[in-house]
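Chemist: Residue numbers (the working numbering): 295 to 548. All C-beta atoms in this analysis are idealised placements derived from N, C-alpha and C, irrespective of residue type, glycine included. Let me begin by handing over the structure; questions about it come next.
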Amino acid sequence: MSSHRKAAIAGSLLTASFTSVMILGFTASADDEGGLSNHGGKTVDAAPADVKLSTLLSKEIKVDNKSGETDITGVVKNDGSKASGEIRMLVVGFDGLTVKNVKGCSEIPEGDLPDGANSGFACAIDDLAAGKSKTYAIDATYDLGKQGKICLPVQNADGSKTYWQQGPVPFGTTNQSPNEPATPLLLGTDNSPLTPGGGDGDGGGGGGKDDAPDELPQTGPADRVLPLGMAGAALISAGAAGLWWNQRRARQGS
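If you want it as structure tokens, here you go:
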């Protein structure tokens, strides 16, 4: 398979897949693996027998206040007892978060991006052995005047099934520090953009405390089941992400 074809999005996360999130999906408890978390992750389609795929993202990133540049770590892992076979992980940016590069991955053409996304890369994996993981360095920029989200779906090779999807999950803060070299953002926290006058914008929401948050939102047993209404609202706010690529499959099949 050519690198171009690997990068092409053949069609995934159909309306049927969206329904399967409602029925089968659940928000996983947060892993803590060297500053990484699976917050916002959920099972979508059933993976092959004895294959258990999931992802992790940096719990905290720091955005350079002058350039807007930031580094994010993304991990795909197989906690099952059998190798995955050929799969791919996508890295997709929304709103104020733009993915500039993912080392070892191919950029998704603008016309093949999901609705609402501004950037994305496809990472082809020939086989992920049982108990193994693969780590990706994600270069991105973050417009601190906006909210920003990232999404990591893990799919089969042709994109017809999505075994796992983390996000679209926000990075953000409720207390920006424009006079510092960098602003720390936490995974799972909506960003409260600063207005030109220096106060909090009215588009952030959901941040919590007035002071800068020093820990992630709780993602333990109480949050494992994602209510139907919350799941629908999350997808709608991300630009109807549950309908990704469903109208492009015919074009990509040629």
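Grab the span of the beta strand (DSSP E) containing L384 for me, first residue to last.
Modeler: Counting from one through the sequence shown, the residue named residue 384 turns up at place 90. L384 -> beta strand (DSSP E) spans I381 to D389.
Chemist: Y430 bridges to which residues according to DSSP?
Modeler: Taking the sequence shown and counting its residues from 1, one reaches residue 430 at position 136. The partner list for Y430 (beta bridge, DSSP) reads G368.
Chemist: Write down the C-beta distance between S378 and L351 rounded to the nearest angstrom, noting that I regard them as a contact closer than 8 Å.
Modeler: Sequence index remark: in the sequence shown, residue 378 carries index 84 (1-based). Sequence index remark: in the sequence shown, residue 351 carries index 57 (1-based). About 19 Å; that fails the 8 Å criterion.
Chemist: Rounded to a whole number of angstroms, what is the C-alpha to C-alpha distance between D452 and L384?
Modeler: Along the sequence shown, read from residue 1 onward, the residue named residue 452 stands at position 158. Along the sequence shown, read from residue 1 onward, the residue named residue 384 stands at position 90. Each residue's Cα considered, the two are about 12 Å apart.
Chemist: Compare the Cα-Cα distances from D433 to each of A340, P475, E380 and V386 and report the closest residue.
Modeler: Looking up residue 433 in the sequence shown gives position 139. Closest by alpha carbon: V386.
Chemist: Which residues does DSSP pair with I444 in a beta bridge?
Modeler: In the sequence shown, counting from the first residue as 1, residue 444 sits at position 150. For I444, which the question treats as bridged, DSSP gives the partners G387 and V463.
Chemist: S486: buried (16+ other C-beta within 10 angstroms of its C-beta) or exposed?
Modeler: By 1-based counting over the sequence shown, the position of residue 486 is 192. With 16 or more other Cβ atoms within 10 Å, it is buried.
Chemist: Buried or exposed: which applies to D421, given that a residue is buried once 16 or more other Cβ atoms fall within 10 Å of its Cβ?
Modeler: Your numbering for residue 421 matches position 127 in the sequence shown. By the 10 Å Cβ count, D421 comes out exposed.
Chemist: Between the C-alpha atoms of G410 and S454, what's the straight-line distance to the nearest angstrom?
Modeler: By 1-based counting over the sequence shown, the position of residue 410 is 116. By 1-based counting over the sequence shown, the position of residue 454 is 160. G410 and S454: Cα-Cα distance of roughly 20 Å.
Chemist: Any idea what DSSP makes of G398, helix, strand or coil?
Modeler: As a position in the sequence shown, residue 398 is number 104, starting the count at 1. Looking at G398 - three-state DSSP - the assignment turns out to be coil, as it is neither helix nor strand.
Chemist: Which residue comes first and which comes last in the beta strand (DSSP E) that contains A416?
Modeler: Within the sequence shown, residue 416 is the residue found at index 122, counting from 1. Looking at the DSSP string, the run of the beta strand (DSSP E) that includes A416 is A411 to I419.
Chemist: Alpha carbon to alpha carbon, how far is D373 from L407? Give it in angstroms, no decimals.
Modeler: Here residue 407 refers to the residue found at position 113 of the sequence shown. Here residue 373 refers to the residue found at position 79 of the sequence shown. L407 and D373: Cα-Cα distance of roughly 29 Å.
Chemist: Alpha carbon to alpha carbon, how far is G482 from V463?
Modeler: Walking along the sequence shown from the start, residue 482 turns up at place 188. Walking along the sequence shown from the start, residue 463 turns up at place 169. One C-alpha to the other measures close to 6 Å.
Chemist: Taking C-alpha atoms, which residue in F388, T392, D365 and T456 lies nearest to E380?
Modeler: Working through the sequence shown from its first residue, we reach residue 380 at position 86. Checking every option, the nearest Cα to that of E380 belongs to T456.
Chemist: Let's test the definition: count the other Cβ atoms within 10 Å of the Cβ of N473 and tell me whether it reaches 16, buried, or not, exposed.
Modeler: In the sequence shown, the residue the question calls residue 473 occupies position 179. Answer is exposed; the Cβ neighbour count stays below 16.
Chemist: Can you look up G335 in the DSSP assignment and give me helix, strand or coil?
Modeler: Position 41 of the sequence shown holds residue 335. Residue state, collapsed to three classes: strand.
Chemist: Taking the straight line between their C-alpha atoms, what separation do you get for K443 and G461?
Modeler: Residue numbering aside, residue 443 sits at position 149 when the sequence shown is read from its first letter. Residue numbering aside, residue 461 sits at position 167 when the sequence shown is read from its first letter. The straight-line gap from Cα to Cα measures roughly 8 Å.
Chemist: What's the call for A416, buried or exposed, on a 16-neighbour Cβ count within 10 Å?
Modeler: Against the sequence shown, residue 416 aligns to sequence position 122. Buried is the call here.
Chemist: For A424 versus S375, is the C-beta distance shorter than 8 Å?
Modeler: Here residue 424 refers to the residue found at position 130 of the sequence shown. Here residue 375 refers to the residue found at position 81 of the sequence shown. In this structure, S375 lies closer than 8 Å to A424 by Cβ.
Chemist: Looking at L479: is its Cβ nearer than 8 Å to the Cβ of Y436?
Modeler: In the sequence shown, the residue the question calls residue 479 occupies position 185. In the sequence shown, the residue the question calls residue 436 occupies position 142. It is a contact, given that the beta carbons lie within the stated cut-off.
Chemist: Just the C-alpha distance for G328 and E401, rounded to the nearest angstrom, thanks.
Modeler: Within the sequence shown, residue 328 is the residue found at index 34, counting from 1. Within the sequence shown, residue 401 is the residue found at index 107, counting from 1. For G328 and E401, the distance between alpha carbons rounds to 27 Å.
Chemist: Looking at C-alpha atoms only, which residue of Q459, C445, T468 and L438 is the closest neighbour of V357?
Modeler: Looking up residue 357 in the sequence shown gives position 63. Looking at the Cα atoms, L438 is the closest of the given residues.
Chemist: Classify E404 as helix, strand or coil using the three-state DSSP reduction.
Modeler: Residue mapping note: residue 404 aligns to position 110 of the sequence shown, counting from 1. Correct three-state label for E404: helix.
Chemist: Whole angstroms is fine: what's the gap from D484's alpha carbon to W458's?
Modeler: Taking the first residue of the sequence shown as position 1, residue 484 is located at position 190. Taking the first residue of the sequence shown as position 1, residue 458 is located at position 164. Taking the straight line from one Cα to the other gives about 22 Å.
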